[in-house]
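Chemist: Mind having a look at this structure? Questions to follow.
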Amino acid sequence: MKLRLILFCYLFLLQSLAFGQTVLSGRVLDEKGIPLPGVNVLLKGSYDGTTSGVEGEFEFSTEKSGMQVLVFRLMGFKTLEIPVAVEGETLQIPDQELRESITDISGVTISAGAMEASDEKKSVVLRPLDIVTTPSAVGDIVGALQTLPGTSSVGNDGRLFVRGGDASEVGIYIDGLRVANAYGTTAGNVPTRTRFNPNLFKGTFFSTGGYSAEYGQALSSALALNTKDLSIRDQGDLSLMSVGGGYSHTLANEEQSITLTGNYFDLSPYQGLVKQDFDFERAPFGWDLEVAAQKKLGKDGLLKVLGRTESGGMKIRQPEPGQEGAGALIDLRNQYSYAQSNWSKISPNGWTWFLGASISANSDEIAFDSIQTTRDNKLAHLKASTIRDFSDRVSMKLGVEHFINTYAEGLPLEGLERNFQDGQTYLYTEWDWYLSKKLVVRGGLRGGLSSLSEEKWLDPRVSFAYQVSKNGQVSLAAGKFSQAPLENYRALNNDLKNTQADHLILNYFWNKDGITFRAEAFHKEYAELIRFEGVPMAPVNLRNEGSGFARGFDLFFRDRQTLKNTDYWVTYSFVDSKRSFEQFTTQVQPGFAPKHNLSVVVKHFVTGLKSQLGASLAVNDGYAYTNPNLPGEMNSKTPGFQNLSLSWSYLPRPNLIIHGAITNVLGRENIFGYDFSATPNAQGVYESRAIGQPAPRFLFLGLFLTLSKDKNANQLNNL
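Taking my numbering, the leading residue of the sequence shown gets 23, the next gets one more, and so forth.
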């Protein structure tokens, strides 16, 4: 009897429990309607739940009742929460869709025309450290970039030439603010360098075309340099070099930091030891002072200030073809200052804000024998922008900026001057849509107006990227790009309009475990290029009538994995460029655009010697030029260019680096073109003079000592 009573009570209680439970069931799918197995499905605040099966199905029971929150979780997808009314014995949940969670690491990135030098991005092709350790660069930012695809080495110039474009067609920015006169002023055919020290920057974004709507006034390329945030320690850095020296001191804490730097260079002692092919009466010399400061403002705000001033000059004689004597004496003096400040903040509501202002001021005094000339130009840039991530799928960038450009050139002894002032205002917006982890689309629009030419323009741009494999992706970019003519042309004719270029770029990018491969094809169409009669030094009848194209492809391969302690990259670029511009009446290959360009860089660290050995090789097929003794324009080509450079970096102590480099080790007599006499000689021949290098080789030796409390820091910590 007792057993029957116990059994009755057990069955009664079991039936009561069953009546108190609800069974929830349903399916989980992805955005394409494909079942998702392994999804954790549970009621929020409870242990009631299950995991979805192979077909995305799930079923579990709960004793909870009333309004509840049903949670769906799966790594790589956004967590989904839905309200459910738990009533009755069963509850059929409609099919639920989980969306992929897209982050900077998991999402595809647009790589068409874009190369970033940053330790924070997965699509890196060049790191900040590479800028100072590439042998042929000798510490110059542009020298390192010339080993990347799409660039050409023009040894008698030193600036950055990209895909058939002139160096003036590359826009240079620091923290998003335009830098005017970013290269040191120099005499004709004497190569120059960028003014700014690579130690200032934490990363570099280099675009060979199809760049963001945030940037403008550049037909070919945008080079964006991003300065460092807070420094990590107090330290002093002493540099002693074969061409000069300098000292930098940093004071830092968790809230702010400031770095003061001074440098002086003078090539006179060096040229006294190494014979030069150029006739310098006063070797290039100069000094610079620089300050860089950073301060945290609140939780997510940062204020940066950068200031630089410098002065330099040289005296050089440049002989004229067909004339006796040492030639005209060119006496050049330059004064340059640059200052900027910018504030950025990430707001809790998802907005990122940026405000910035900069000014570049350049003054040149150049004497050609008894002829005195002056050239002064200033560029002020004001900018405000914001970025809003509406979700991990949609992001917006919006900005406004204003430029004030003043320019004057003259003959002070004759009291002659020509000048202009132009105000340009821009609005731009850019939107990124992540349609999935594998597909992103970017659309941009940039509009501007000029007070000088009274011109208005609108430049649309679009690009997309699609992940075709785990490590590979394809990208496509297209757009319109506008740029004002050179300042000396605008001073002659204030009515000149923008020059224009249309870009189309197709890119394949592959990256895995320290190995990177990049292939890119491109096509550019030029319109409204400047044409004139006469010569570039004295142009007549300037007008927007020129046109042209540049097309070709680039290949880039970098391997930091296969060979132990070895890092190397190989670049090949083919550029077919023709344009009718300046004094040319037909479409010609520009003298700054070789068709074939090859670059190889190898760096190997020898642990036992505490040394890094480096080698770089640059080769192209020569430069086009016009020989007046032959019919036609750009009718001749120089022999191919070759430059093999070696370097050795030695760390005898943790805080001491000794670095040596030699360019053009084999002493090849590279020729970049010819100067011809203005009139033929008695035999009817225009005599010529080869345009070559200042010397067969350049040797650099530097000692870099860092002073800090722990005595272990060195200047590599600045990169």
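Here a beta-carbon is modelled for each residue, glycine too, at the ideal position from N, C-alpha and C. The structure displayed is predicted, hence computed values, not measured ones.
(1) Counting Cβ pairs closer than 8 Å, one from the segment 585-593 and one from the segment 541-550, do we hit at least three?
(2) Measure the alpha-carbon distance for residue 724 versus residue 682 and round it to whole angstroms.
(3) In terms of residue numbering, what span does the alpha helix (DSSP H) encompassing residue 509 cover?
(4) Is the segment 701-714 close to the segment 351-358, with three or more CB pairs under 8 Å?
(5) If distances are taken between C-alpha atoms only, which option among 50, 612, 503 comes closest to residue 58?
(6) Using 8 Å for Cβ pairs, my map puts residue 238 next to residue 468. What's the rounded Cβ distance?
(7) Rounded to whole angstroms, what's the CA-CA distance from residue 255 to residue 224? Just pull it up for me.
(8) May I ask which residues mark the beginning and end of the beta strand (DSSP E) holding residue 67?
(9) Since residue 703 sits in a beta bridge, which residues does DSSP pair it with?
(10) Any idea what DSSP makes of residue 145, helix, strand or coil?
(11) Buried or exposed for residue 336, please, with buried defined as at least 16 other CB atoms from any protein chain shown within 10 angstroms of its CB.
(12) For the beta strand (DSSP E) containing residue 488, name the first residue and the last one.
(13) With three or more beta-carbon pairs closer than 8 Å as the criterion, would you say the segment 439-454 touches the segment 469-481?
(14) Where in the segment 215-286 do unbroken runs of the beta strand (DSSP E), each at least 3 residues long, occur, reported from the N-terminal end onward?
(15) Looking only at its own chain, which residues have a Cβ that is under 6 Å from the Cβ of residue 664, when we skip the five neighbours before and after it?
(16) When the Cα of residue 215 is compared with those of 687, 293, 308, which residue comes out closest?
(17) So residue 505 and residue 328 are supposed to be a Cβ contact under 8 Å. How far apart are they, rounded?
(18) Given that a residue counts as buried once 16 or more other Cβ atoms are within 10 Å of its Cβ, and exposed if not, what is residue 735?
(19) Bridge partners of residue 109, per DSSP?
(20) In angstroms with no decimal places, state the Cα-to-Cα distance between residue 285 and residue 722.
(21) Quick check on this structure: which residue in 76, 202, 55 has the alpha carbon closest to the alpha carbon of residue 190?
(22) Thinking C-beta only, is residue 453 closer than 9 Å to residue 475?
(23) Could you tell me the alpha carbon to alpha carbon distance between residue 686 and residue 269, rounded to whole angstroms?
(24) Report buried or exposed for residue 73, applying the criterion of at least 16 other Cβ atoms within 10 angstroms of its Cβ.
(25) At a cut of 8 Å, does the segment 388-398 reach the segment 406-415 through at least three beta carbon pairs?
(26) If we call anything under 9 Å between Cβ atoms a contact, is residue 366 one with residue 380?
(27) At what residues does the alpha helix (DSSP H) containing residue 693 begin and finish?
(28) Within the segment 604-649, note down every full beta strand (DSSP E) run reaching 3 residues or more, in order along the chain.
(29) Excluding sequence positions up to five away, which residues of its chain have a Cβ less than 7 Å from the Cβ of residue 688?
(30) In the DSSP assignment, what residue or residues form a beta bridge with residue 468?
(31) Any idea which residues DSSP pairs residue 418 with across the strands?
(32) Exposed or buried, residue 653, counting other C-beta atoms within 10 Å across all chains shown (16 or more means buried)?
(33) Quick one, which of 662, 694, 430, 635 has its alpha-carbon nearest residue 158's?
(34) Measure the Cβ-Cβ separation of residue 156 and residue 638 and say whether it is below 9 Å.
(35) For residue 306, does the three-state DSSP call read helix, strand or coil?
(36) Can you have a look at residue 144 and say buried or exposed, based on whether 16 or more other CB atoms are within 10 angstroms of its CB?
Modeler: Short version:
(1) no
(2) 6 Å
(3) 509-514
(4) no
(5) 50
(6) 6 Å
(7) 16 Å
(8) Residue 67 -> no beta strand (DSSP E), and no H or E assigned at all.
(9) Residue 703 pairs with nothing; no bridge assigned.
(10) In this prediction, residue 145 has a pLDDT of 39, which is less than 50 and means its spatial position is unreliable; nothing more can be read from the coordinates.
(11) buried
(12) 478-489
(13) yes
(14) 223-229, 243-249, 257-263, 266-274
(15) 641, 690
(16) It is 308.
(17) Wrong, their Cβ atoms sit about 25 Å apart, outside the cutoff.
(18) Result: buried.
(19) Answer by DSSP bridge pairing: none, since residue 109 is not bridged.
(20) 16 Å
(21) 202
(22) no
(23) 29 Å
(24) exposed
(25) no
(26) No Cβ-Cβ contact shorter than 9 Å links residue 366 with residue 380.
(27) It is not in any alpha helix (DSSP H) - residue 693 carries neither H nor E in the DSSP assignment.
(28) 618-628, 633-642
(29) 666
(30) 450, 481
(31) Partner residues in the beta bridge of residue 418, as assigned by DSSP, are 410, 453.
(32) So residue 653 counts as exposed.
(33) 635
(34) yes
(35) strand
(36) The predicted position of residue 144 is uncertain, since its pLDDT is 37 and thus under 50; a value taken from the coordinates is nonetheless stated next. Exposed.
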